[in-house]
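Undergrad: Got a structure for you, written out below as structure tokens; questions coming shortly.
There are 2 protein chains.
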Amino acid sequence: MKPTISDVAKKAGVSIATVSRILNRLPGYTEETRKAVLNVIREIGYKPNAIARGLVKKHTYTMGVLLPNISSRLASALLKGIEDAAHRLGYSVIICNTDNDGRRTVEYLNVLAEKQVDGIIIASEWLKDAYGEALLAMKIPVVLVLTVSYRFQIPYIKVDDKQAAYQATKYLIEKGHKEIGMIGGSVQDIIAGLPRIEGYKQALADYNLTITDDRIAFGNFAYESGIRCMDELFQKVPEITAVFAASDEMALGALSFAFRKGIKVPDDLSIIGYDDTQDAEMTIPPLTTVHQPVYEMGKKSVEMLFSTKGAVESIIMPHYIVERDSVKKIN
Amino acid sequence: MKPTISDVAKKAGVSIATVSRILNRLPGYTEETRKAVLNVIREIGYKPNAIARGLVKKHTYTMGVLLPNISSRLASALLKGIEDAAHRLGYSVIICNTDNDGRRTVEYLNVLAEKQVDGIIIASEWLKDAYGEALLAMKIPVVLVLTVSYRFQIPYIKVDDKQAAYQATKYLIEKGHKEIGMIGGSVQDIIAGLPRIEGYKQALADYNLTITDDRIAFGNFAYESGIRCMDELFQKVPEITAVFAASDEMALGALSFAFRKGIKVPDDLSIIGYDDTQDAEMTIPPLTTVHQPVYEMGKKSVEMLFSTKGAVESIIMPHYIVERDSVKKIN
DNA sequence: TAATTTTAAGTAAACGTTTACGGTAAGCGC
DNA sequence: GCGCTTACCGTAAACGTTTACTTAAAATTA
């Protein structure tokens with residue numbers, strides 16, 4: 000059996016209260032007994048039981064993160080930010096891969112509730128009513144990352160998607176492009192889909208460029224869909240000279256499609272992505288894209304989660320375009 | 000305050016023992032009282048406290064995973080496999096990003112011990128003595144993934160690196176290449192470095208091809224180092240027609256370097272990678288590489304961890320070459 | 001019907017901590 | 001020497017469960 004605090008107490012000839020006080024650096028013992036107790040602890044290899052402690056303190060120093068897909072590049076970067084900040088603050092993080100599955104999500108919410116986590120971060124996921132209510136019932140801090148909720152008043156941290164998309168499109172326009180296509184997410188996706196499409200349209204409108212439904216292809220943010228969308232775009236609107244992809248992954252798909260068809264990027268076609276995930280700089284050519292500070296958002300989200308100052312404010316993080324080699328100036 | 004079991008007992012007019020029995024599907028109550036209790040539970044929104052339960056049952060249904068870098072592609076895929084299997088078995092997983100930092104690793108081991116996790120998976124990390132001893136003291140199951148320990152008898156699950164490297168090299172040889180370079184990891188890295196280099200050398204030796212120190216450049220498995228190594232290789236041994244990279248990321252670096260220098264892959268240079276991470280199929284051209292079944296290894300590792308049959312055997316997973324377009328046959 | 005077994009339920013100890021409270025001895029001021 | 005504070009430390013309750021043990025009633029058997 001693992002040694003417990005009373006084993007330590009017995010062996011050191013003191014009460015468990017004293018051992019506990021020493022462990023928690025509370026006052027109430029001489030330096031002499033402290034040393035003796037510490038020696039016993041080392042000797043028998045005692046480690047406090049965080050479960051028992053959690054039970055009385057009602058604080059587990061554990062938090063949960065829900066994300067639709069842990070293995071996406073975006074999630075990886077976010078997770079690292081979260082883990083780093085959590086570790087610094089002394090928290091452990093439980094990962095929950097929801098797979099965008101509602102049933103699985105409620106299961107996770109339940110587990111996290113039962114495990115008495117001290118806080119929850121929800122990333123990239125639309126907050127259904129059931130989730131929000133479950134969260135409310137738990138009475139613990141929650142923060143949303145890369146998403147928002149209009150129904151529930153939960154602090155969030157994200158980028159201004161519409162504006163970012165606007166700027167990406169404007170960037171292409173300023174490079175002389177007039178026939179610009181977009182590879183977007185679903186319009187039903189109120190978080191990462193619609194706003195980016197709106198930003199794109201707004202920019203075209205402001206510069207009096209043609210907007211047609213044909214110029215937008217709808218993917219699901221993944222690589223394969225980028226390929227398919229690029230194909231679609233080229234068949235319907237062969238005159239386009241540039242495309243804005245709503246995710247780097249789809250931009251990579253577009254890049255691959257172009258390569259296969261012998262279309263040179265950026266000479267024949269300019270591509271701008273979104274996210275600035277790690278592989279954006281590894282592509283051929285390196286991808287110009289709008290940078291979301293995902294790692295920092297991860298960090299900030301746990302800092303918000305455990306912020307000691309009362310009401311936490313949502314944060315709109317700054318984005319910016321990182322210029323690489325997938326966009327060419329034309330005239 | 001959150002409702003407790005005694006709140007439901009009181010409200011239902013039974014003892015907490017009965018409520019507990021109902022919750023745990025133990026015998027000892029009528030269907031009538033069961034329904035009544037369940038109703039109360041629903042009514043007041045009671046959720047069992049897993050911390051309290053864990054204290055008495057000495058079982059937390061929580062496990063830990065240690066990895067050097069959560070945001071690497073390899074780790075992402077592995078993590079997903081682990082999380083999936085864990086979720087299926089009812090376990091939560093705590094992630095620990097060690098950053099290859101010894102101090103941080105022991106910290107994590109401590110936290111996991113205190114939190115009474117039921118098992119630990121260690122991935123891609125050389126098991127220092129201190130870790131092994133800490134692990135031993137915890138008396139809980141451990142499994143190693145993508146790594147081994149010779150000093151500690153801990154079950155592992157990995158690929159035969161030397162053989163895989165041998166086959167990758169042989170593949171190049173069979174495609175007619177005679178001047179083959181390698182971008183390897185460090186020789187000090189007994190897990191992913193040395194064996195792959197040995198496999199490479201063995202293949203060259205078996206086919207009577209030239210082996211020189213010049214033909215091996217040493218990277219750290221990351222993208223940047225792939226670029227640097229490719230540069231190095233070309234300066235020292237311009238005659239090479241093919242290279243075997245010990246990781247896909249380094250292969251991507253090599254690809255980028257070639258692109259910048261106007262060297263066509265696979266026409267002027269063939270490249271084979273290692274890992275078959277998600278981006279291997281997204282590169283231009285798609286990367287031929289040796290596939291490690293990382294997701295499955297993740298799954299299997301937790302199945303091993305919580306396997307009920309006595310002694311668990313280590314597993315060598317099968318690898319295979321996936322042919323894409325970065326290697327060309329020459330004569 | 002009486003004896004016996006089975007079933008439904010309650011009581012209380014245990015899990016390993018933290019912590020409020022109390023007690024004793026020492027130190028101090030007068 | 002007496003009262004008071006302070007420092008050190010022990011006792012025991014509490015945290016929310018599970019579970020061994022007990023008990024009373026119901027069901028079964030003879």
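Heads up: the sequence lines are chains A and B, in that order. Mapping the first sequence onto numbering that gives the first Met the number 0, position 224 (from 1) lands on 223, and the numbers just tick up by one. Mapping the second sequence onto numbering that gives the first Met the number 0, position 178 (from 1) lands on 177, and the numbers just tick up by one. C-beta: ideal position from N, C-alpha, C; glycine also.
Only counting runs of 3 or more residues, tell me where the beta strand (DSSP E) segments fall wholly within the region 252–330 of chain A, in order along the chain.
TA: 269–274, 287–290, 314–316, 319–321
Undergrad: Compute the beta-carbon to beta-carbon distance between Y165/B and A216/B, rounded to the nearest angstrom, for a pair I have assumed lies under 8 Å.
TA: Going by Cβ atoms, the distance from Y165/B to A216/B rounds to 19 Å, so no, they are not a contact pair.
Undergrad: Just mark I226/A as buried or exposed, buried being the case when its beta carbon has 16 or more other beta carbons within 10 Å.
TA: buried
Undergrad: State the Cα-Cα distance for the pair A85/B and A49/A, rounded to the nearest angstrom.
TA: 22 Å
Undergrad: Would you mind stating whether G331/A and V144/A have Cβ atoms separated by less than 8 Å?
TA: In the structure as shown, chain A begins at 0 and stops at 330. Residue 331/A is therefore absent and cannot be evaluated.
Undergrad: Give every residue of the same chain whose Cβ lies closer than 6 Å to the Cβ of D324/A, excluding the five residues on either side of it in the sequence, and list them in chain order.
TA: P284, P285
Undergrad: Can you find at least 3 beta carbon pairs, one from the region 265–277 of chain A and one from the region 303–313 of chain A, that sit closer than 8 Å?
TA: Too few Cβ pairs lie closer than 8 Å, so no.
Undergrad: Please confirm if L254/A has its CB atom under 8 Å from at least one CB of chain B.
TA: yes
Undergrad: Would you tell me roughly how many angstroms separate the C-alpha atoms of M0/A and V116/A, rounded to the nearest one?
TA: 27 Å
Undergrad: From T3/B, P2/B, Y319/B, pick the residue whose C-alpha is nearest to that of T168/B; which is it?
TA: Y319/B
Undergrad: Helix or strand or just coil, what does DSSP make of K157/A?
TA: strand
Undergrad: Are the CB atoms of I262/B and E178/B nearer to each other than 8 Å?
TA: no
Undergrad: Can you tell which of M181/A, L208/A, L78/A has the C-alpha that lies nearest to the C-alpha of T276/A?
TA: L78/A
Undergrad: Can a CB atom of chain A be found closer than 8 Å to the CB of G44/B?
TA: yes
Undergrad: Answer with yes or no whether the minimum CB distance from F258/A to chain B is below 8 Å.
TA: yes
Undergrad: Given this structure, state the Cα-to-Cα distance separating V64/A from A221/A, to the nearest angstrom.
TA: 22 Å
Undergrad: Which two residues bound the contiguous beta strand (DSSP E) that contains F217/A?
TA: 215–217
Undergrad: Can you tell me whether L254/B is buried or exposed, with buried defined as 16 or more other CB within 10 angstroms of its CB?
TA: buried
Undergrad: Output, in chain order, the set of chain B residues within a Cβ distance shorter than 9 Å of V242/A.
TA: The contacting residues do not exist; V242/A stays about 17 Å from chain B at best.
Undergrad: In whole angstroms, what separates the C-alpha of D266/A from that of D128/A?
TA: 48 Å
Undergrad: Exposed or buried, what is S300/A when buried is set at 16 or more other beta-carbons lying within 10 Å of its beta-carbon?
TA: buried
Undergrad: Jot down the residue ranges of each uninterrupted alpha helix (DSSP H) in the region 116–177 of chain B, minimum 4 residues, whole runs only, in chain order.
TA: 128–137, 160–173
Undergrad: Using a beta-carbon distance below 8 Å, is D278/A in contact with chain B?
TA: yes
Undergrad: With a threshold of 8 Å between beta-carbons, can A331/B be considered close to chain A, or not?
TA: Coverage of chain B is limited to positions 0 through 330, which leaves residue 331/B absent and any answer about it impossible.
Undergrad: Going by CA-CA distance only, name the one from L171/B, E113/B, S148/B, P154/B that's closest to V347/B.
TA: The structure shown does not extend to residue 347/B, since chain B spans only 0 to 330, so no value can be given for it.
Undergrad: Quick one: what does DSSP say S185/B is sitting in, helix, strand or coil?
TA: coil
Undergrad: Can you tell me whether DSSP reads I4/A as helix, strand or coil?
TA: Reduced to three states, the DSSP call for I4/A is helix.
Undergrad: For a test of the three-state rule: what should DSSP assign to G53/B, helix, strand or coil?
TA: helix
Undergrad: Given a limit of 7 Å on CB to CB distance, which residues of the region 19–52 of chain B reach chain A?
TA: G44, K46, P47, N48, A49, I50, A51
Undergrad: Pick helix, strand or coil for I69/A, following the three-state DSSP scheme.
TA: Of the three classes helix, strand and coil, the one that applies to I69/A here is coil, per DSSP.
Undergrad: Quick one: which unbroken beta strand (DSSP E) runs of 3-plus residues sit fully inside the region 76–101 of chain A? Chain order, please.
TA: 91–96
Undergrad: Check for me: the beta strand (DSSP E) holding F243/A runs from which residue to which?
TA: Per DSSP, F243/A belongs to the beta strand (DSSP E) from 241–244.
Undergrad: Compute the distance between the beta-carbons of I210/A and K200/A, then report whether it is under 8 Å.
TA: yes
Undergrad: Taking the alpha helix (DSSP H) that P194/A belongs to, which residues open and close that run?
TA: 193–205
Undergrad: How about L134/A and V142/A: are their beta carbons less than 8 Å apart?
TA: no
Undergrad: Which residues does DSSP pair with T32/B in a beta bridge?
TA: In the DSSP output, where bridge partners are listed per residue, T32/B has none listed.
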